[in-house]
Structures are given as structure tokens and as C-alpha cells.
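Residue numbers (our numbering), protein chains in the order written: chain A, 1 to 399; chain B, 1 to 557.
Shown next, in C-alpha cells, is the structure this report addresses.
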Amino acid sequence: MPRLNWLLFIGYSVVALAVFIGALLSPVFRGLAYAPLRELILPPPAPIVISLLYSTEKEAWLEEAIAAFEQTRPTVGGRPIAIELSAMGSREIYLAVLDGDAQPTLISPASSLQISILQDLSTARFGAPLVNPADTTNCRPVLNTPLVLVAWRERAEVLWGAGPGPAVWQQLHDALIDPAGWEQYGHPEWGYVKFGHTDPLKSNSGFMTILLLSYSYFNKTSGLEASEILADQGYQQWFIELESTISEFGESTGTYMRDIVAYGPSRYDIVAVYEATAIEQADNALGRYGELRLYYPPATVMSDHPFCVLNAAWVTPDQGTAARLLIDYLTDQPAQELALLKYGFRPINPAVALEQTGSPFARFGANGLQADLPPLVEVPPGGVLNTLLDFWSRTVPRR
Amino acid sequence: MHRRTFQAVSLWLAIALALAGCGLGEQLLGKTVVVSIVYGSEKREWLEPLAAAYNAAGHETADGERIEVQITAMGSIEAVNAIIAGTLQPTVWSPASSIYIPVANAEWQQSHADDLVTGSPKDLVLSPVVVAMWKPMAEALGWPAKALGWADIAALATDTAGWSGYGYPEWGSFKFGHTHPGYSNSGVAAILAETYAGLDKQRGLTLADLNNPAVREFVAAVESGIIHYGTSTGFFAERMFARGPSYLSAAVMYENLVVAQESKRLSGASAQLPVVAIYPQEGTFWSNHPYAVLNAPWVTAAQRAGAEDFQAFLLDTPQQLKAIELGFRPADPAIPLTAPLDAQHGVDVQQPQTVLEVPPADVIQGIQALWLEVKKPVDLVAVIDVSGSMEGDKITAARASLVQFVNLLDGRDQLQVIAFNDTVTTLTPLSPLAEKREDVARRVSGIIEDGGTALYDAVAQAYAELEANGDPDHIRAIVVLSDGVDQDSSSTLDELIRAIGSTGEESGRAIKVFTIAFGEDADPAVLKEIAEATGGQQYNSDPQNVSQIYGEIATFF
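This is how it looks when you write it as C-alpha cells:
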């Protein structure tokens, strides 16, 4: 049967050659080629490079999750995916995209506030939005963490009793602007009332804080309008009074939480931070100075870390596919569990239980951490948000 | 080739190879990036050994350059003034606190487009600004049951009855100290706190507030209790703890310095009374030791990388634990506050309960200016050796630096100048400087060297005249420069020491003698004995650095 052997040999050779030629032409065939020979003979396929601009709050989680994603050797059309990461402030992200300083495949600011602004501004500038939160295939939240207040329990209870009621921002406003400070509550030794939040122009948590302040003044949780910000003198006076008591607006939410723990009650009485930021320092705070506790305002807003593929000419279909694969991975169970157990974020994926063993939500209940959330305020249209930022920037004195 | 020549060449080759293989070769072939750091002297004990350990461990930047840190202790404000003047170009400035950063930025911006310190520098270690007081004195004021504040300190400093008002006449007057606000952070903290106390405010200081005559009066009154100023907080602490309660009743410093002294006392290395940290009830400031990699044109990318590597090292747990041992609170909140941060060491980590607001740059500058106008004046006798051995460089440098020194004094200060060789001559008697600044400069510039050295007689005469003519409510000091050994005095050293030595409860207010041993033939041991008998300080100097030494002495006034 030598003839048959010959035929088989020739047939096999032809197929092998075809695979190798095919692999040279397209990475799809590469996987079929004999691996040791393939690595020796064929040039490696060009990776699909996606670039991601992301906000710094999730840096540690993201780096860990992306390393795990790369371990799965994901491909699109046989080509591996390479991810270029750049950390930036949330506002810087949309400004860089709008001004053409960056052309990323994918962006992830700290919250939908920035997506809302980018949607409006890009429509105004280019005629079509670069991002569309309604298109959930390409743009969706990946992690959740609400804005909370962290305060020294002894002091907070003097201000609002067991927990903050609907009037919490009004109480805070009145306490802050009174020159008598804590003396009006019988505690002159605590000095003036010290509240801290980050610079809304540089950090999302500060932006979220001034949004909540504004909603609370108008006593509503949706439908904030630019005309209210620009024309209501009562609001303007109230808002500027409160903000003027803050002597320094920092850039990083994490620093506020670190400082309240490291310095103790002398530096801040109350800070507005993310729930996850508070959780990060919870162990450190125990038994250090007095009791530090987490409080939920009557209505809050979510830092929801949306990941959005840009609807831009520079994003190729393959890049879009690769970016969606990444989003799928990040919302899948392992990455979501990592975010909850190690970094204190609330999972988006309903399959991951919030109060499972090892979760901070199972550990820090006594410090005020709770699964139940107060109502969330509506994210206003980009134009309204921009008006608010602009108003803050024009009227609030800064050093 | 001759055999011997061959051997010699081989030997040289072997040596060259050996050198190339060890440190010198590395220096010559490998690249080293030098990271220079100027820092507030309060953290010297922590930083010095750590810098040495870091250098010995051979850290490298990501680009493979060996990092060498070079650290220099300097008064925080003195350092930034030199940086702005361009005479000091470090990679990193780590002052004792952030208080002065806005002022530094404002001054830097006068000649640059951007800030000198950008972003938010990380804290290295923490320590609140406190009033360190001898425990029995604090107890006499009602501490710890009664919380004390800046207002109590002010009341005590302005009360002519002093401690007798509290039932302790044997303690004499209340002797208070803080560093010079033109050189040191804790001095700035002290005068800001005095201003707040004078206005009964804790925040919202404005320039308009400074025009309030009551504030001016109040700050002047508190300053009247000051025994002298000084360039560094660490030095102040050293003085107070070495010389005891007759020298200083209380001084503004940092909590870590109290802990360090109490550790010494508890271990038997100091025989002083216990000392406690008073956390002023109106609020205080934090010394947070920010680590600022300067946004200056001379800082290279490699230096920045090296500086950041050293910062990470300092913030690492073992180094932060070391800081606690020395009395600092760690900047890393993951590290618990443990011993010696406890009552046994004179401190209470549950304090402070509140801070005073750091005012904007222009208000801080306004308060510094106000202080210059109301601070305690000095009655000073400058004594200068004009013996024949001063000829050449020495007399030229001495004349020039004495003129510079006089220029650092305020018009309200009173000055007498004495020149001595084998005789003692008064060039100008004690009188306000404002009336005679130019005349003094002319006379000092005209000094001619000749004759012998009657050092003891000159000091004795200066002391006697200052005691007779000086105002005891002013800081009274004598600054002596001498380049030789006494040969011509009618009195002996023992007689001089007996005449000028200060003991008893009022030693803090006594006349201080500062001595400069000038050149190699001076007698530093004798000059040291003279200075220390009075609570002053002795310095070694030469024609190259004498003006710097005079500058340092000027910070006491």
C-alpha cells in the first residue's frame, strides 16, 4: 500500500501548507497550525490594541482584573487583545476626548455624570454623541459605590441624632456657617465645624456632593434645571455660604478618608467620600481615635464607573469587539467578586451576593455600612451638570 | 619587553581592573542620580539614619541609575527663601508643615509661571504643634482637669506677677519661647495662633483683621514674655530640656519633641522634671512634614524618579514604625498609635480636638510683617576682636559680616559696639539703631587691627554696661567674635564666669552671650564656657562662613 501512504502524505502536506499560508494571510487559521512550528515559522499576529482612559478610584481593582483578563488570552479574529491603560481624573477624560488630545477606544470615568456631559457636549460639537448610555451593549456601569458621609459618631449625633434625616444638608449648612461652631451645641472644645469634599472640577466625589447639595436645596431628587442654578438667589446664597466654609478643596477622595483617619477628629468632623473609600480605611479607623461612622444622606448618587466604547471614527469594528469582551469580563462573576471582597465596591452583577462571607458588608454593619440604599437622585442632562460646575467654579472662593 | 616592565604593567592593569570592578568603577562607568533634600531639622533623628541605610542598600531608578540621597537640615522658611532666591536648588523640600507652602508658591510665582509646589505632597510623619510645659507648672495652671489654651499662655505672659499669681513666687516670671517666624514653621504657627487668640477667632482671618489695634497690642504683649527666638524648633527643645524651668517655662514646639525628651528622662538620660504637651483648646496646627518634589527647572526626570523611590521607602512600614519610636505619629493610617505615644511620655493621642484654619498666603505674610513691628526688641552689644592677629582676610571678613549682621536688626533694637585688643574701646554706646545705622556701618568698616587680646575684660565690660544701660524688658545679648587666646586681661576666666553666669529662677531672662571662635588660633573651649554660663551658644567660624554664623545668631532676636 505504498501508493496510499504517498497519497496521504501528499494530502496532509497540502493541508498543512494551506493552513500555514492561511495563517500568514489571516490570524483565524493560526490556531490550526502545529504550535511548535507555528511559533518558529510564522510571525506573531498583530494584536488588536484598545486604549482605555479610566478614573483613578478603581485603579488597583482594574489593574488586577485586567491582568486576569489577559491570562485568559482573549482574541478577536485570532488576534490577541492588547490593552493600553491611562489613569486620569474623570473630568479630564471627557475634556481630553472632546479636545482631541486623546483618541481612546474606551473610557471609564467615575460616574454617569461625566458620560451625560460628554453626550451633550459631543453632540453639540460634532453633531453626534460620542457616547450613548442608552446603548447598553457599548456603554454600561461596571461597579457601584454611593456617595456617603463619614463622621465622628460623637459629633454627628450632636448634629443629627441617631442618623441623618431629610434635613441633613440644611443642618450641616447651619452648623458650618455659624461663627460659634460647635459651641452652639455645647462643645466649644471641638472648635469650628469642619466639612470636607474634593474639588468638583478635579474629582467626581466633589461633583457628586454639590449635586446632592443642590437637589436638597430644591427639596427634590429629579428634574434639576439650569435655570434654578442660574436664577434662584436663595439657592445661590445658601450654596455659596456653605461652600465658603471649606478652606481647601483637594484632588483625591482617598486622601480625605486617609486624613480623617490619620489625623483624627481635629482635622475634619465630616467628609463626603465614596462608600468604597470609607471601607478601604475601615480597619485602620477601628480603635485609633474616636468612633468613625458611615452615614447615608437622605438621597444619594452612585459612582457607577460606566465603561463606554466611543462611537468615533477612530474605533475599528475589531477594537469595538475587543472592548466589549473586556466589559463582559469585568462584569462577570470573578472580577465582580474581586471588586466587592477586596475593594468594597457594590457588584453590578446580581449573581454576586453583597453580604456573602468575607464581604465588608458582612463585617462593618456596626460602623454604619448597610446594604440598603436611600433613593438615588436622577442624573441630570449634561447641560445642567455643566452649568452647576461652571457656577461652582465662578462663585466659590478657593485658595 | 623587560620582565620588570611586564610585571609593572600587569600590576597596574590588575589595579585598574580591581578599581573598575568596585565602587570607583561604578562611579566612573555606571550613572548615579543625586537627590538632594532640604528638610526641617525636627525630623533629623529619623531621617539621617534612614538616608544612610537607603544609600547603603543601593536603590536604583527604573532606568537603572543608582540613587543617592543627600539630606540637609535647615529651618523650613529659611530653606524656601534660599530656594526662591536661587541660592539653594534641591530636588525635594520637606518643611515641618504645609502651613507655609501657599506663601512659598505666591513668592515663587513672582518670577515663575507655575507653582513651586504642585499637587498635594504626601505627608511623611505627623505631629501636632503643642506648648511644651514643665508638668508642675502645667498643674499649677489647673491642667489636666482644666484645658489650657493660647489665651491662658497669653494671660500668663502678660501678667507682671508671673508665677506668683499662681502661688509659686519661687518660679519667678513666666518665660516663654517660640522660634523666629522668619525662619521656622513653628514660629509661624505660634504667631498665627497668637493672632487668632487676640481676635477670639478660629478661622476666617483677613487682612482687615490685622489692622485691629487690639490684635497688635495682644501679640506685642505675648511676645513680651519671650526670652529669645531661634532658627530651629529642635534647637529650642534642646535648650529647654537641657537648662530646665529656670530658663524656659514653656515653648511652642512639636509633640514628638516632648515624647523624645520624656523617653530620655524615663531611661535616665535626662534628670529634668517631667514635661507635658499642652494641646491649646482653641485649636492648633499640624506639623505634617510634606515631601514636595519641587516643580523647579533644575529638577530632572531622573531626580524626580529617585525622589519618589525614596519617598516610598520612607512611607514603608518599618520606617514608619521607627518614626513612632521617636515620638512621631505615622502618616500611614494602617499603623496603630502605640507607645511611646502615651500619657507616660507626656502626650495624649486623643488630642488635639480641633485645628485653627490655615490662613491664605497674603494673611500669613501680613502677620509676619505685624510681628516684625511688635516683636520684643533686642539690646545688643557686639564685641569684636581687633588684635594684630586679625590682619588680612580675617579683619576684612569680620568687618563686612558685622555690618551685615547689624542690617538684620530692627530699627527699634539698641546696639553698642565694642572693639578690643589689649584695651577695650566703645565705638558706639547703647542706643536705638534707627538713629545711627549708617554711622555704625561707617565706624565698623573703619576698624583697624593692632595689639594684643584682652578678651575677658572686654566681655566683662560689655556685660556690666549692658546690665546698667539695657532694658530688662528687652532681649539682652552680647555677641563676641575673637580669634585668639586672652593674654592681656586684668581679670581671670573664673572671675568673668562668676560675673556673667546666670543661675536661679530668672536665668532665662538674663543677658545671653554668644561667642564666635574665629579662625584656627581662637580658643573654642574658653569661648564655649563663657557662652554656656549665660545660656548662649558658641560657634566655630572662619572668614568664609562668618557672615552665615552671624546670620544664625540673628535668628535669636
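Backbone N, C-alpha and C fix where the C-beta goes; we use that ideal spot for every residue, glycine too.
query	result
What residues from chain B crowd round E251 of chain A, counting only those whose CB sits closer than 8 Å?	G119 and S120
I'd like to know whether the C-beta atoms of A323 of chain B and W46 of chain B end up nearer to each other than 8 Å.	yes
For A353 of chain A and F364 of chain A, I'd like the C-alpha separation in whole angstroms.	16 Å
For G149 of chain B, which residues from the same chain have a beta carbon less than 8 Å from its beta carbon, with the 5 sequence-adjacent residues on both sides left out?	A197, P280, Q281 and E282
Starting from the C-beta of S547 of chain B, find all residues in its chain whose C-beta is less than 6 Å away, skip the five residues before and the five after it, and write them out in chain order.	S401 and Q404
Name the two residues that bound the continuous beta strand (DSSP E) containing M390 of chain B.	Premise fails: M390 of chain B is in no beta strand (DSSP E) and is neither H nor E.
If the cut is a Cβ gap below 8 Å, which residues of chain B does S203 of chain A touch?	Within 8 Å Cβ-Cβ: nothing; S203 of chain A doesn't reach chain B, min ~11 Å.
Looking at A454 of chain B: is its Cβ nearer than 8 Å to the Cβ of D410 of chain B?	no
Would you mind sorting G23 of chain B into buried or exposed? The rule is 16 or more other CB atoms within 10 Å of its CB.	Since pLDDT at G23 of chain B reaches only 46, below the 50 mark, its modelled position is unreliable, and no value is offered.
Check this for me: beta carbons of S90 of chain A and P109 of chain A, under 8 Å apart or not?	yes
Output, in sequence order along the chain, the residues in the region 278-296 of chain B whose CB is closer than 9 Å to any CB in chain A.	Y279, Q281, E282, G283, T284, W286 and N288
If the cut is a Cβ gap below 7 Å, which residues of chain B does Y12 of chain A touch?	Per Cβ cutoff of 7 Å: no residues; Y12 of chain A is ~50 Å from chain B at best.
If the cut-off is 9 Å on Cβ atoms, which residues from the region 323-357 of chain B count as contacting chain A, listed in chain order?	R329, P330, A331, D332, P333, A334, I335, P336, L337, V349, Q350, Q351, P352, Q353, T354, V355, L356 and E357
Residues bridged to R140 of chain A by DSSP?	A:F307
Could you name the residues of chain A that L126 of chain B contacts, counting a contact when the two beta carbons are closer than 9 Å?	A262 and Y263
Please tell me whether T277 of chain A and T253 of chain A are closer than 8 Å, where the distance is taken between their beta carbons.	yes
Grab me the residues of W93 of chain B's own chain with a C-beta within less than 7 Å of its C-beta, minus the 5 sequence neighbours each way, in chain order.	V38, A79, V80, I83, A292 and L294
Answer yes or no: does any C-beta atom of chain A fall closer than 8 Å to that of A147 of chain B?	yes
For N367 of chain A and chain B, any beta-carbon pair shorter than 8 Å?	no
With DSSP as the reference, please indicate the residues paired to V355 of chain B in a beta bridge.	B:T284
Using a 10 Å radius around the Cβ and a threshold of 16 neighbouring Cβ atoms, would you call Y12 of chain A buried or exposed?	exposed
Consult DSSP for N256 of chain B and reduce its assignment to one of helix, strand or coil.	helix
Is Q27 of chain B helix, strand or coil when you go by DSSP?	Any reading at Q27 of chain B must be qualified, since the residue scores a pLDDT of 48, below 50, and its modelled position is unreliable; no value is offered.
Using DSSP's beta-bridge definition, name the partner residues of K122 of chain B.	B:Y291
Are there 16 or more other CB atoms within 10 angstroms of the CB of L292 of chain A, so buried, or fewer, so exposed?	buried
Determine the burial state of E520 of chain B: buried for a count of at least 16 other Cβ atoms within 10 Å of its Cβ, exposed for fewer.	exposed
For G162 of chain B versus S173 of chain B, is the C-beta distance shorter than 8 Å?	yes
How would you call I516 of chain B, buried or exposed, if buried means at least 16 neighbouring beta carbons within 10 angstroms?	buried
What are the uninterrupted segments assigned as beta strand (DSSP E) that are 3 or more residues long and contained completely in the region 434-496 of chain B, given in chain order?	475-482
Count the other CB atoms, across all protein chains shown, that sit within 10 Å of the CB of I448 of chain B; report buried if there are 16 or more and exposed otherwise.	exposed
Can you tell me whether DSSP reads F9 of chain A as helix, strand or coil?	helix
For G177 of chain B versus L257 of chain B, is the C-beta spacing smaller than 8 Å?	no
Is Q548 of chain B helix, strand or coil by DSSP?	helix
Which residues in chain A sit within 8 Å of Q311 of chain B, going by Cβ to Cβ distance?	None at all; the shortest Cβ gap to chain A is about 15 Å.
Which value, in whole angstroms, describes the spacing of the CA atoms of L192 of chain B and S491 of chain B?	47 Å
Return the chain-ordered list of same chain residues with a C-beta closer than 7 Å to the C-beta of T221 of chain A, the five sequence neighbours on each side being excluded.	Y215, A299, P375, V377 and E378
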